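Trainee:
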Amino acid sequence: MRSDYLPFGRPSFGEGEEQAIVRVLRSGWIGMGAETIAFEKELASYVGVSEMVSVNSCTSALFLSLLVEGVKQGDEVIVPSMTWCSTANAAMYLGARPVFCDVDPSSMCATWETIAPHITSKTKAVIVVHYGGVAAETRKIRANLPENIALIEDAAHAFGTLHADGSMVGSHGNLTCFSFYANKNLSCGEGGAVALNDPVRADRLRRLRLHALATDAWKRFQHKQLLDMGLRELGYKMNFTDMQACIGRVQLRRQGEFHERRMKIVRMYQERLPRLLPEI
């Protein structure tokens, strides 16, 4: 029996994260800038994609991904019945209707067989969730989906997860949304990102996350001159900050350490649960 309180989702922060915060505080620039750009490049390299766009939450990542895929009022978006509310809410923000599909009882993930019966002429997108860090069969789903239906991956639970073939979740070419909330494999306290291999969509995501401005504050600061700030479309305030990014960069370097710790805990469960619950 524990004598101390066991909190939900306590992040693992240490001296490295503390030093990074102090460094950014002393730099005089805490908004979205050089640290965020470096974090995005490092994330993209880790996942195995060409583009990574950081935002203020995985919910925002899902919303913006649906938006750039053309989801609009009256469309249908198929989502798994086992997920957090953000998966469905992201579709509803755009006036689309979330259509819930069953999941495989062993993986808790949607499969092509559970998705297929719900496809209609109104289906615009499918969101698959890598539930509990288990990799969904995205290649099989994409291979069977009609080309006019977007496939978006909700990988809030699955940063660093590998598919059975050894490929990283997020590397299959679909817009993949990650979360950096306090209880995630990589934590910045809050935040998220979209991984993709399409520079055109990535550029639009970068505009949309900050009011759809033609240039952000960091670009204007670097040039130290008046630049075009024109609005091209309706944008949103969903950007990342260097305060978050500096923590994320340290957390990224610690992924091996975190993985080893999780595997140790898994082995403890595997060893002890059968003794406590022999009927399992």
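Residue numbers (our numbering): 1 to 280. For each residue, glycine too, the CB sits at the ideal point set by N, CA and C. Fair warning: this is a prediction, and the values are worked out from it, not measured in the lab.
(1) Rounded to the nearest angstrom, what separates leucine 196 and serine 27 at their Cα positions?
(2) Figure out for me which residue from Tyr181, Arg253, Val194, Ala214 has the closest Cα to the Cα of glycine 365.
(3) Does DSSP classify cysteine 188 as helix, strand or coil?
(4) How many angstroms separate the CA atom of arginine 83 from the CA atom of leucine 62?
(5) Do you know how far the Cα of histidine 172 is from the Cα of threonine 114?
(6) Determine the burial state of glutamate 40: buried for a count of at least 16 other Cβ atoms within 10 Å of its Cβ, exposed for fewer.
(7) Does the distance from the C-beta atom of alanine 214 to that of leucine 234 stay below 8 Å?
(8) In chain order, which continuous runs of the beta strand (DSSP E) of length 3 or greater are located wholly inside the segment 26 to 87?
(9) On the criterion of 16 or more Cβ atoms from any shown chain inside 10 Å, does glycine 14 qualify as buried, or is it exposed?
(10) Contact between the segment 199 to 210 and the segment 255 to 272: three or more CB pairs below 8 Å?
(11) Using the DSSP secondary-structure output, state which residues sit across from valine 99 in a beta bridge.
(12) Going residue by residue through the segment 125 to 156, where are the continuous beta strand (DSSP E) segments of at least 3 residues, counting only ones entirely within it?
(13) Pair every Cβ in the segment 15 to 22 with every Cβ in the segment 249 to 261, then say whether three or more of these pairs are closer than 8 Å.
(14) In whole angstroms, what separates the C-alpha of asparagine 331 from that of isoleucine 119?
(15) So valine 24 packs on aspartate 242, CB below 8 Å; how close in whole Å?
(16) Near aspartate 4, what residues of its chain come up, given a Cβ to Cβ distance below 7 Å and the 5 sequence neighbours on each side ignored?
(17) Helix, strand or coil for phenylalanine 8? Go by DSSP, reduced to three states.
(18) Just reading off the alpha helix (DSSP H) that leucine 252 is part of, what are its end residues?
(19) In the DSSP output, which residue or residues are listed as bridge partners for valine 194?
(20) What does the alpha-carbon distance come out to for the pair methionine 168 and glycine 74?
(21) Give the DSSP bridge partners of leucine 231, in chain order.
(22) Suppose the cutoff is 6 Å on Cβ atoms and the five residues either side in sequence are ignored; what does the same chain contact list for aspartate 165 look like?
(23) Please report the distance separating the alpha-carbon of glutamate 42 from that of glutamate 153.
Mentor: Checking against the coordinates, here is how it stands:
(1) Leucine 196 and serine 27 have their C-alpha atoms some 30 Å from each other.
(2) Outside the displayed span of the chain (1 to 280) sits residue 365, for which this structure offers no information.
(3) For cysteine 188, the three-state secondary structure derived from DSSP is coil.
(4) Looking at the sequence provided, one finds threonine at residue 83 rather than arginine. One C-alpha to the other measures close to 13 Å.
(5) Taking C-alpha positions only, threonine 114 is separated from histidine 172 by approximately 20 Å.
(6) With 16 or more Cβ atoms within 10 Å of its Cβ, glutamate 40 is classed as buried.
(7) Taking 8 Å as the Cβ cut-off, alanine 214 and leucine 234 do not qualify as a contacting pair.
(8) The segment 26 to 87 contains these whole beta strand (DSSP E) runs: 51 to 55, 76 to 80.
(9) The Cβ neighbour count for glycine 14, taken over all protein chains shown within 10 Å, is under 16; the residue is labelled exposed.
(10) These segments do not touch.
(11) Its beta-bridge partners are Ile78.
(12) You should have 150 to 154.
(13) In short, these stretches touch, since the Cβ pair count reaches three.
(14) The question about residue 331 has no answer, for the chain in this structure spans 1 to 280.
(15) Their Cβ separation, rounded to whole angstroms, is 5 Å, which keeps valine 24 and aspartate 242 in contact under 8 Å.
(16) In the same chain as aspartate 4, and ignoring 5 residues on each side of it, no C-beta atom comes closer than 7 Å to its own.
(17) Reduced to three states, the DSSP call for phenylalanine 8 is coil.
(18) Segment 242 to 253, the alpha helix (DSSP H) holding leucine 252.
(19) Beta-bridge pairing links valine 194 to Val53, Cys177.
(20) Annotation: methionine 168 to glycine 74 spans about 34 Å, alpha carbon to alpha carbon.
(21) Partner residues in the beta bridge of leucine 231, as assigned by DSSP, are Leu213.
(22) Excluding sequence positions up to five before and after aspartate 165, its CB lies less than 6 Å from no other CB in the same chain.
(23) Answer to the nearest angstrom: the Cα atoms are 20 Å apart.
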